[in-house]
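Colleague:
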């Protein structure tokens with residue numbers, strides 16, 4: 001076990017750690033504590049995907065949906081543990097909205113350290129939880145009997161359920177950076193650590209919202225339950241949508257942290273150190289943010305392409321790479337046994353199945369969209 005852990009820690013010393021950039025240093029004043037890490041981890045996992053779980057439960061049924069969500073959540077938690085252990089009002093055109101939103105998003109990306117992102121994550125958590133509670137409050141009025149809903153949906157709908165739920169557990173990319181930045185990294189993956197506590201809370205919220213959403217709206221459930229909230233002119237549903245939108249906006253900088261932590265050191269290594277490193281990094285961050293804005297403006301049916309990328313990358317990150325990494329490292333350390341192989345192969349098969357079905361569904365939707373528009 002010691003060999004396995006040691007090898008895992010050595011494997012986590014990726015190029016990011018070798019960077020001399022001050023924003024990625026392990027200086028004690030920039031380390032984040034348990035509650036700050038929990039804030040980031042919670043916000044990394046709870047996003048707009050949560051409000052699509054009613055549609056997912058429609059594809060599974062009231063009785064099959066909750067246990068399947070819990071099972072997939074447990075698998076995602078275990079895969080994250082593997083990763084940690086082994087790797088260490090006014091109507092405006094849409095384009096105007098995007099241009100306006102670009103400004104606060106770009107400013108938020110200038111925050112170069114996770115510790116200073118804690119206020120944004122805390123505010124985003126407050127907004128998303130407020131929207132969650134208000135949504136539950138609205139849906140709990142005049143609930144129909146459970147007997148009016150399908151207990152178990154048709155089996156050909158299960159792949160769609162799988163894809164939506166896996167998409168909802170979206171915070172796996174933050175696991176390693178969060179542990180690396182903690183003042184006491186051992187508090188991240190212990191039994192009552194950030195990972196387990198955060199994911200139990202997230203999983204309970206997902207099951208409750210998915211169950212109530214499908215129970216309330218049945219087959220009329222939209223891709224996001226916020227679109228079902230009636231009446232449209234009421235203040236509360238509009239406030240919910242505003243709170244969720246602001247929460248997602250504030251999350252951009254947190255999700256932006258990981259790719260920049262990888263790309264910026266490589267950029268410096270290739271072009272040489274900047275004379276003014278802080279200004280250089282801010283310019284680099286602004287450029288990357290602007291590129292995402294250009295892509296969002298230029299690519300038609302962008303949402304479908306995002307679904308395709310998510311079907312491939314999210315499933316690979318959550319369910320395919322962690323078991324492969326564990327098998328390779330255990331094999332190198334001569335600690336590989338049949339139980340580990342059987343467990344990892346099962347997770348791997350679930351991941352491959354989800355990736356294949358999600359990719360097929362996304363490609364089909366893209367083809368249909370371009371066929372209709374053509």
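Numbering (UniProt numbering), first residue to last: 1 to 374. Even for Gly, the Cβ is constructed at its ideal location relative to N, Cα and C. For clarity, every value in this text was computed on a predicted model and none was experimentally measured.
#1: Using beta-carbon positions only, say whether residue 336 and residue 108 come within less than 8 angstroms of one another.
#2: To which residues does DSSP link residue 205 through a beta bridge?
#3: Measure the C-alpha to C-alpha separation of residue 257 and residue 308 and round it to an integer number of angstroms.
#4: Among 43, 367 and 354, which one has its Cα closest to the Cα of residue 198?
#5: Are residue 140 and residue 212 close, meaning C-beta to C-beta below 8 angstroms?
#6: Quick one: Cα of residue 21 to Cα of residue 277, how far?
#7: Note down, in chain order, each residue of its chain lying with its Cβ closer than 8 angstroms to the Cβ of residue 320, except the 5 sequence neighbours on either side.
#8: Using alpha carbons as the reference points, say which of 178, 201, 46 and 144 lies closest to residue 127.
#9: Pick out whichever of 53, 122, 179 and 205 has its Cα sitting closest to the Cα of residue 160.
#10: Can you tell me whether DSSP reads residue 182 as helix, strand or coil?
#11: Using DSSP with H/G/I as helix, E/B as strand and the rest coil, what is residue 299?
#12: Alpha carbon to alpha carbon, what distance is there between residue 244 and residue 310?
#13: So, are the CB atoms of residue 365 and residue 304 less than 8 angstroms apart?
#14: Does the distance from the C-beta atom of residue 153 to that of residue 64 stay below 8 angstroms?
#15: Between residue 177 and the rest of its own chain, which residues show a CB-CB distance below 8 angstroms, the 5 nearest in sequence each way excluded?
#16: Find the nearest neighbour of residue 224 within the set 39, 283 and 58, judged by alpha-carbon distance.
#17: Inspect the CB distances between the region 277–290 and the region 321–334 and report whether three or more fall short of 8 angstroms.
#18: I need the straight-line Cα distance from residue 106 to residue 184, nearest angstrom please.
#19: Just grab the DSSP bridge partners of residue 32 for me.
#20: Where does residue 228 land, buried or exposed, given buried means 16+ other C-beta within 10 angstroms?
#21: Between the C-alpha atoms of residue 360 and residue 370, what's the straight-line distance to the nearest angstrom?
#22: I need the straight-line Cα distance from residue 82 to residue 135, nearest angstrom please.
#23: Quick test of your reading: residue 285 and residue 215, contact by CB under 8 angstroms. State the CB separation rounded to the nearest angstrom.
#24: Which residues in the same chain as residue 313 place their Cβ atom closer than 8 angstroms to its Cβ, once the five residues preceding and following it in sequence are excluded?
#25: Could you check if residue 40 is buried or exposed, using at least 16 other CB atoms within 10 Å of its CB as the buried criterion?
#26: Mapping DSSP to helix, strand and coil, what is residue 286?
#27: The alpha helix (DSSP H) that contains residue 269, what's its start and end?
#28: Between residue 137 and residue 144, what straight-line distance do the alpha-carbon atoms span, to the nearest angstrom?
#29: Taking residue 55 as the reference, give the member of 219, 100 and 316 with the closest Cα.
#30: Can you say whether residue 131 is buried or exposed, counting buried as having 16 or more other CB atoms within 10 angstroms of its CB?
#31: For residue 169, report the span of its alpha helix (DSSP H) as first-last.
#32: Which first and last residues belong to the alpha helix (DSSP H) in which residue 56 is found?
#33: Taking Cβ to Cβ, would you say residue 316 is nearer than 8 angstroms to residue 76?
#34: Can you tell me the Cα-Cα spacing of residue 226 and residue 100, whole angstroms?
#35: Would you report the Cα separation of residue 358 and residue 275, rounded to the nearest angstrom?
#36: Compare the C-alpha of residue 70 against each of 166, 147 and 294 and name the closest.
Modeller: Taking the definition as stated:
#1: no
#2: In the DSSP output, where bridge partners are listed per residue, residue 205 has none listed.
#3: 22 angstroms
#4: 43
#5: yes
#6: Summary for residue 21: the model assigns pLDDT 45, below 50, so the residue's position carries little reliability; its value from the coordinates is reported in the next sentence. Roughly 7 angstroms separates the two Cα atoms.
#7: 348, 351, 352 and 355
#8: 46
#9: 53
#10: strand
#11: coil
#12: 20 angstroms
#13: yes
#14: yes
#15: 114, 257, 258 and 261
#16: 58
#17: no
#18: 31 angstroms
#19: 182
#20: buried
#21: 16 angstroms
#22: 34 angstroms
#23: Not a contact, Cβ separation roughly 44 angstroms.
#24: none
#25: buried
#26: helix
#27: 235–271
#28: 15 angstroms
#29: 219
#30: buried
#31: Residue 169 -> no alpha helix (DSSP H), and no H or E assigned at all.
#32: 53–58
#33: no
#34: 23 angstroms
#35: 46 angstroms
#36: 166
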